[in-house]
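Residue numbers (our numbering), protein chains in the order written: chain A, 408 to 984; chain B, 63 to 192. Ideal Cβ placement from N, Cα and C applies to all residues, glycine included. Inspection log for the structure reproduced underneath, given as structure tokens.
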């Protein structure tokens, strides 16, 4: 039976995780909507369920904690005590501890937590005592000793309060039955295989068209072409279908935010209404996994720096409650996520002053900046406008990290701000990271791919136009000095025409521009990125390779990582062959 | 009157719990076990296929164990069906309510295979005497 037990525990971990994830949101809803009976019942039932299963599986700490929590919930359900923010804090804290305990179960580390403090506070609440001592806003707890027995019957009366939740349940049930859990590894494997298939298809298409050209009248060849066209179509459909299996709703990330915003607002003494929309928008799993941190940072920023304190809002005639909007929407092959607050907006002059003060730019440079350019300064490493370093914002992770993370996902971030009215951060990300549009370039006998998203323009230059300044090759582009990196020298391949005409692909990363010098431009191609193991790449500067792909003509093509190139360029780490 | 082929329905909204209960029943030698995730689903299963025994949780969405019990007892086809109710800890009020509603026995979770066997034996014994 041990295997069976192991499987049951795995089930328990997954199901409990789902319940706990859902509970955060339910608690915040509860705080918003007051003592909604059906919601309370649901929360109670969730906690009760965890307790029951934990008992069987011998997770005693979980039993202890859920039991104490359940008792408080029961009193709330029976309206014996009233839900106040301090009580909510304790409940949420216990919820967090449940997650920690679940983590121990998951890691099988046998770890235990000190539950004495939380349990005694829960007990205190349950017994109608004072809410946690560190809170000054402790509201009196209503005592209704006689009511206990009557209310007990309530949730059991058949036509009674169950109705509220009954309407929603069937829908949820249907969804459950139509879903199966699949190990991510298996999905990744399927995606990989489809990637290989697409590459094979591309090769086959190329060969077919060669044959077509050679044997124009051969009926065998024309039926090959037809079959090929069919196969090609199916492969594309298959690829899309597999991509879709990896898509997840951004809800998965957005779910965390009501709770986070609530906690933050409370600790800042601000009132914030979070409005979430488009949470059903789907993106690839890898995007979901990497977008949480930047969003957390932006939301913290909005609450910390964007939204004014209550008294200030009152003074300038804004509603006390600040509004924070979080939205997601699909635009073509991209997802656009926006975070908008109705706070004080960003003052470009203030940004400039700060940047000068921090020594990031000169006063003379600052004077010449447009508003847009001034705003861009907040993405500079070392920039932070927080006057007071709070425990959440200003932990040394700045907007520069936010932008770097977004760029790693091939995305962009924009700021739209109006003083006194608010600020909106708009993030645009590709729906998937596995397929990208690239510009194919040729250097010597080799082909390389440059992600099209980073390409600004392409130029044709002669050898004489390239100058050397401080041992760095540059060209002049409309009065601007543009550093140039020669791919041939980076990868130690021989360039076909060293002194003659060259092409320069102007690319951008982190709002900086530079040029990549190549021999020839081959055109645009959609490629499937395959990861390249570091030790397989037997060449210089392998860190600036984002991956590899195989083109229709069967060549392996390396895809360059533009932001890594820029990093190496600025740090002088590029090793020229 | 142990019958390994007896048809048993396990009702619980938490699939882990259903698995646990099924596991315990299997340890006792029962082979014919089906499951339902709430009272409503349980009722429709009970009506369509001849079950011999029900092990049900109390607190479930949609239709809880007590309501399901009421429905079983008032259904002419099902009213004799033995029902074992699973409760969290000894909550006396609940137990009394359940007994009044016609539950054959109750069991407090977490329970061992042995306790479950005991409770089931008690039910069969009583039914046998009738």
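Any idea if residue 481(A) is buried or exposed, counting beta-carbon neighbours within 10 angstroms, 16 or more meaning buried?
Your numbering for residue 481(A) matches position 74 in the first chain. It counts as buried.
In terms of residues, what are the limits of the alpha helix (DSSP H) holding residue 835(A)?
Counting from one through the first chain, the residue named residue 835(A) turns up at place 428. From DSSP, residue 835(A) is part of no alpha helix (DSSP H) but of the beta strand (DSSP E) over 829-837.
For residue 826(A) and residue 752(A), which I take to be in contact (beta-carbon distance under 8 angstroms), what is that distance rounded to the nearest angstrom?
Against the first chain, residue 826(A) aligns to sequence position 419. Against the first chain, residue 752(A) aligns to sequence position 345. Going by Cβ atoms, the distance from residue 826(A) to residue 752(A) rounds to 4 angstroms, so yes, they are a contact pair.
Among residues of its own chain, excluding the 5 on either side of residue 472(A), which ones have a beta-carbon nearer than 8 angstroms to its beta-carbon?
As a position in the first chain, residue 472(A) is number 65, starting the count at 1. For residue 472(A), where only same-chain residues beyond five positions count, the Cβ hits under 8 angstroms are 501, 504, 505, 508, 522, 525 and 526.
Would you mind stating whether residue 786(A) and residue 806(A) have Cβ atoms separated by less than 7 angstroms?
The count along the first chain starts at 1 and reaches residue 786(A) at position 379. The count along the first chain starts at 1 and reaches residue 806(A) at position 399. Contact: yes.
For residue 895(A), which of 703(A), 910(A) and 887(A) has the nearest alpha-carbon?
Position 488 of the first chain, counting from 1, holds the residue named residue 895(A). It is 910(A).
Proximity test, Cβ basis, 7 angstroms: residue 136(B) and chain A
In the second chain, residue 136(B) corresponds to position 74, counting from 1. No, its Cβ sits nowhere closer than 7 angstroms to a Cβ of chain A.
Just mark residue 648(A) as buried or exposed, buried being the case when its beta carbon has 16 or more other beta carbons within 10 Å.
Position 241 of the first chain holds residue 648(A). Exposed.
Enclosing beta strand (DSSP E) for residue 847(A) [first to last residue]:
The residue given as residue 847(A) occupies position 440 in the first chain. Residues 842-850.
Which one of 90(B), 138(B) and 134(B) has the shortest CA to CA distance from residue 147(B)?
Working through the second chain from its first residue, we reach residue 147(B) at position 85. Out of 90(B), 138(B) and 134(B), 134(B) has the C-alpha closest to the C-alpha of residue 147(B).
For residue 587(A), tell me which candidate among 931(A), 813(A) and 418(A) has the shortest Cα-Cα distance.
Here residue 587(A) refers to the residue found at position 180 of the first chain. Of 931(A), 813(A) and 418(A), the residue nearest in Cα terms is 418(A).
Residue-chain proximity (residue 107(B), chain A), Cβ-Cβ < 7 angstroms:
Counting from one through the second chain, the residue named residue 107(B) turns up at place 45. Taking Cβ atoms only, chain A never reaches closer than 7 angstroms to residue 107(B), which makes this a no.
Under 8 angstroms Cβ to Cβ from residue 769(A), same chain only, skipping five residues before and after it: list those, please.
On the first chain, position 362 is the one that residue 769(A) refers to. Correct list, in chain order: 763.
List, in chain order, every chain A residue whose beta-carbon is nearer than 7 angstroms to that of residue 171(B).
Here residue 171(B) corresponds to residue number 109 of the second chain, with the count starting at 1. What residue 171(B) touches in chain A: 459, 462 and 463.
With three or more C-beta pairs closer than 8 angstroms as the rule, is the segment 670-680 of chain A touching the segment 708-724 of chain A?
yes
DSSP three-state label for residue 577(A), please.
As a first step, residue 577(A) is located in the first chain; it is residue number 170 there, counting from the start. With a pLDDT of 42 at residue 577(A), under the threshold of 50, the modelled position of that residue is not reliable, and the figure given next carries that caveat. In the structure shown, residue 577(A) sits in a helix (DSSP, three-state: H, G or I).
Applying a beta-carbon distance threshold of less than 7 angstroms, which residues of chain A neighbour residue 150(B)?
Here the question's residue 150(B) lines up with position 88 in the second chain. Residues of chain A passing the Cβ test: 455, 458 and 459.
Looking at C-alpha atoms only, which residue of 452(A), 483(A), 695(A) and 927(A) is the closest neighbour of residue 125(B)?
In the second chain, counting from the first residue as 1, residue 125(B) sits at position 63. Cα-wise, what sits closest to residue 125(B) is 452(A).
If you draw a straight line from the C-alpha of residue 731(A) to the C-alpha of residue 655(A), how long is it?
As a position in the first chain, residue 731(A) is number 324, starting the count at 1. As a position in the first chain, residue 655(A) is number 248, starting the count at 1. The straight-line gap from Cα to Cα measures roughly 24 angstroms.
Can you round the beta-carbon distance between residue 690(A) and residue 836(A) to whole angstroms, since I take them to be within the 8 angstroms contact cut?
Counting from one through the first chain, the residue named residue 690(A) turns up at place 283. Counting from one through the first chain, the residue named residue 836(A) turns up at place 429. The pair is a contact, with the Cβ atoms about 7 angstroms apart (cut-off 8 angstroms).
Any beta carbon of chain B sitting closer than 7 angstroms to that of residue 415(A)?
Here the question's residue 415(A) lines up with position 8 in the first chain. It does; some Cβ of chain B falls within 7 angstroms.
Secondary structure of residue 649(A), DSSP reduced to three states:
On the first chain, residue 649(A) is found 242 positions in, with the first residue counted as 1. Note: residue 649(A) maps to helix in three-state DSSP.
Consider the Cβ of residue 94(B): report whether some Cβ of chain A lies at a distance smaller than 7 angstroms.
Your numbering for residue 94(B) matches position 32 in the second chain. No, because no Cβ of chain A sits closer than 7 angstroms to the Cβ of residue 94(B).
For residue 787(A), three-class secondary structure by DSSP
Here residue 787(A) refers to the residue found at position 380 of the first chain. The answer is coil: DSSP assigns residue 787(A) none of H, G, I, E or B.
Just mark residue 646(A) as buried or exposed, buried being the case when its beta carbon has 16 or more other beta carbons within 10 Å.
As a position in the first chain, residue 646(A) is number 239, starting the count at 1. With 16 or more Cβ atoms within 10 Å of its Cβ, residue 646(A) is classed as buried.
Beta carbons nearer than 9 angstroms to chain A: which residues of the segment 74-86 of chain B have them?
74, 75, 76, 77, 78, 79, 81, 82, 83, 85 and 86
Considering only the beta carbon of each residue, do residue 439(A) and residue 450(A) sit closer than 7 angstroms?
Against the first chain, residue 439(A) aligns to sequence position 32. Against the first chain, residue 450(A) aligns to sequence position 43. No, they are not a contact pair.
Under the rule that 16 or more other beta-carbon atoms within 10 Å means buried, what is residue 543(A), buried or exposed?
Numbered from its first residue, the first chain carries residue 543(A) at position 136. Note on residue 543(A): pLDDT 40, under 50, position unreliable in the model; the coordinate value appears next. So residue 543(A) counts as exposed.
What is the DSSP secondary structure of residue 658(A), reduced to helix, strand or coil?
Start at 1 with the first residue of the first chain, and residue 658(A) comes out as number 251. Looking at residue 658(A) - three-state DSSP - the assignment turns out to be helix.
Between residue 443(A) and chain B, is any beta-carbon pair separated by less than 7 angstroms?
Sequence index remark: in the first chain, residue 443(A) carries index 36 (1-based). No - not a single Cβ of chain B is within 7 angstroms of the one on residue 443(A).
Taking 8 angstroms as the threshold, find out whether the segment 80-89 of chain B comes into contact with the segment 414-428 of chain A through three or more Cβ pairs.
yes
For residue 669(A) versus residue 435(A), is the C-beta distance shorter than 7 angstroms?
Your numbering for residue 669(A) matches position 262 in the first chain. Your numbering for residue 435(A) matches position 28 in the first chain. Yes, Cβ-Cβ distance for residue 669(A) and residue 435(A) is below 7 angstroms.
With 16 other Cβ atoms within 10 Å as the buried cut-off, status of residue 547(A):
Start at 1 with the first residue of the first chain, and residue 547(A) comes out as number 140. Confidence at residue 547(A) is low in this model, with a pLDDT of 42, below 50, so the placement of that residue is unreliable and no value is reported for it.
Does the pairing of the segment 656-667 of chain A with the segment 692-705 of chain A give three or more beta-carbon distances under 8 angstroms?
yes
List the whole-angstrom C-beta distance separating residue 650(A) from residue 839(A), where the pair is believed to meet the contact cut-off of C-beta under 8 angstroms.
Translated into the one-based positions of the first chain, residue 650(A) becomes position 243. Translated into the one-based positions of the first chain, residue 839(A) becomes position 432. Yes, they are in contact, since the Cβ atoms of residue 650(A) and residue 839(A) sit about 6 angstroms apart, within 8 angstroms.
Apply the 10 Å Cβ neighbour rule to residue 653(A) and answer buried if 16 or more other Cβ atoms are within range, or exposed otherwise.
For the purposes of this step, residue 653(A) is identified with residue 246 of the first chain, where counting begins at 1. Its Cβ being crowded by 16 or more others within 10 Å, residue 653(A) is buried.
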